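Take a look at the structure below.
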Amino acid sequence: MDYNYTPDALSKRRGDAAVIYSRLTLLIPQFGKDVVYCFVEGYDMPYYRAIVRSTCRKEPIEIKCNGKGNVIAANKFIEARGDCKDLIKRYFVDRDFDDNDTVPDTIFVTDGYSIENYYLSDNCISNILQTEFKMSLADHAENHAKCMELFHREHNIFCEGVLLLNAWYRCLYRNPDWNRQDVSLGETFPKEWLDLKIENISFSYSLKDIEEEFNKAPKLDITEIERHKEELKALGHSRTRGKFEMQFLFEFLSFIKNEPSKRRKYSVASCSLPFQQKTMISTFSQYADVSDGLYHYIETGKR
13 MDYNYTPDAL SKRRGDAAVI YSRLTLLIPQ FGKDVVYCFV EGYDMPYYRA IVRSTCRKEP
73 IEIKCNGKGN VIAANKFIEA RGDCKDLIKR YFVDRDFDDN DTVPDTIFVT DGYSIENYYL
133 SDNCISNILQ TEFKMSLADH AENHAKCMEL FHREHNIFCE GVLLLNAWYR CLYRNPDWNR
193 QDVSLGETFP KEWLDLKIEN ISFSYSLKDI EEEFNKAPKL DITEIERHKE ELKALGHSRT
253 RGKFEMQFLF EFLSFIKNEP SKRRKYSVAS CSLPFQQKTM ISTFSQYADV SDGLYHYIET
313 GKR
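Residue numbering for the sequence shown follows our numbering, beginning at 13 and increasing consecutively.
Written out as structure tokens, the structure reads:
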């Protein structure tokens, strides 16, 4: 789990940044200057790889930094060195619920919460349905429309269900007493609180349940949490936790894929492409949204 991104906190990461720099120097003799060295938090490169390659016409070389704070620290460390100025370097981090105002403009920050949120747009879902589920607009416009209606309806219910935890977590990010080691959310929404069955989604949990589950976290003012709920509603699903969003996408696509062939209501054919929740970033990367800001950053190295 990352910590704060204040100058003092980042200075404590200097050792990690030096290690990342050392890894870079080991790659230079092998790949030289005609590539793009890409510094990412973790499993992000499946999203960025093709975009970097098509934008720069150069091969991207991945350097995992093990967290957002390490990417930022590596950026500050490496960009200050004269021996790296001739290299093409790009740094990528997720927005998360952090205050990203102090992140250098030589680092790309996702428009939404994380890269996972780029996979939940109407355009992405539509293209997956058309290509992987054989639901072309020319031949199966009615099924396509039904699926999109289902996606919107169920996604809205899901977003309502996860809103309280998202708001609490966002509020926690603003709390100076929070030690980030004390709260670690999982890859999926707690199953005790949410039954994620498409066409029958239900949820039942309260602030008390959250406080009991994460009992090391500081107590938060309910008024502040409600304020964050309203702000998140206004910002839309792209600014809520991406791993939960990807969980919903997996369940939605699995529902369409697993419809019995003899009584299909939405699908016209099963998806022949195998997918799992942990690898969906890679599996569906060609359909994910790409912002103009990302193209600009890859081309120029500045946001």
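Cβ coordinates follow ideal geometry from the N, Cα and C atoms, glycine included. The structure displayed is predicted, hence computed values, not measured ones.
- Contact between D106 and S126 holds: CB atoms are separated by about 4 Å, below the 8 Å threshold.
- Contact between I84 and L36 does not hold, since the beta-carbon distance rounds to 15 Å and is not under 8 Å.
- Rounded to whole angstroms, the Cβ separation of V47 and C77 is 17 Å, and the two are not in contact under 8 Å.
- If you draw a 10 Å sphere on the C-beta of E144, you find 16 or more other C-beta atoms in it, and that means buried.
- Burial of T122 is indicated by the presence of at least 16 other C-beta atoms within 10 angstroms of its C-beta.
- For T252, the closest of P72, V174, A62 by C-alpha to C-alpha distance is V174.
- If you draw a straight line from the Cα of E238 to the Cα of C183, it comes to about 9 Å.
- For D207, the beta-bridge partners assigned by DSSP are S214.
- Contiguous beta strand (DSSP E) elements confined to the segment 25 to 110 occur at 47 to 52, 71 to 76, 100 to 105, taking only those with 3 or more residues.
- The segment 261 to 276 makes contact with the segment 204 to 222, as at least three CB pairs between them are under 8 Å.
- Here S297 is near A62, since their CB atoms are less than 8 Å apart.
- Relative to the Cα of K277, the nearest Cα in the group S66, A157, P286, G94 belongs to A157.
- The C-alpha of H167 lies about 17 Å from the C-alpha of K241.
- Taking the Cβ atoms as the reference, F262 lies roughly 6 Å from M292, within the contact range of under 8 Å.
- Leaving aside the five residues that flank F109 on each side, the residues in its chain whose CB is nearer than 6 Å to its CB run, in chain order, R182, Y185.
- The residue from W190, L177, R275, N191 with its alpha-carbon nearest to that of W205 is L177.
- About 4 Å separates the CB atoms of A86 and I32; that is less than 8 Å, so the two are in contact.
- Judged by DSSP secondary structure, F163 falls within the alpha helix (DSSP H) whose first and last residues are 153 to 185.
- Contact between the segment 215 to 232 and the segment 185 to 196 is established, with three or more Cβ pairs separated by less than 8 Å.
- Taking a C-beta distance under 8 Å as the contact criterion, W180 and L219 qualify as a contact pair.
- By the neighbour-count definition (other C-beta atoms within 10 Å, threshold 16), N82 is a buried residue.
- If only complete runs of 4 or more residues are kept, the segment 262 to 300 shows the alpha helix (DSSP H) at 292 to 295, in order along the chain.
- For I119, no alpha helix (DSSP H) run applies; the uninterrupted beta strand (DSSP E) run containing it begins and ends at 119 to 121, by DSSP.
- Residue burial annotation: P72 is buried, with at least 16 other C-beta atoms found within 10 angstroms of its C-beta.
- Distance from the CA of I234 to the CA of N187, rounded to the nearest whole angstrom, comes to 13 Å.
- Under the criterion of beta carbons closer than 8 Å, D301 and C68 do not qualify as touching, at roughly 19 Å.
- In this structure, DSSP gives K146 a state outside helix and strand, which the three-state scheme calls coil.
- In the DSSP assignment, R239 falls within the alpha helix (DSSP H) that extends over 234 to 247.
- Shortest Cα-Cα distance from I75 to any of D98, C50, A246, Y55 involves C50.
- Rounded to whole angstroms, the separation of the alpha carbons of T295 and S250 is 20 Å.
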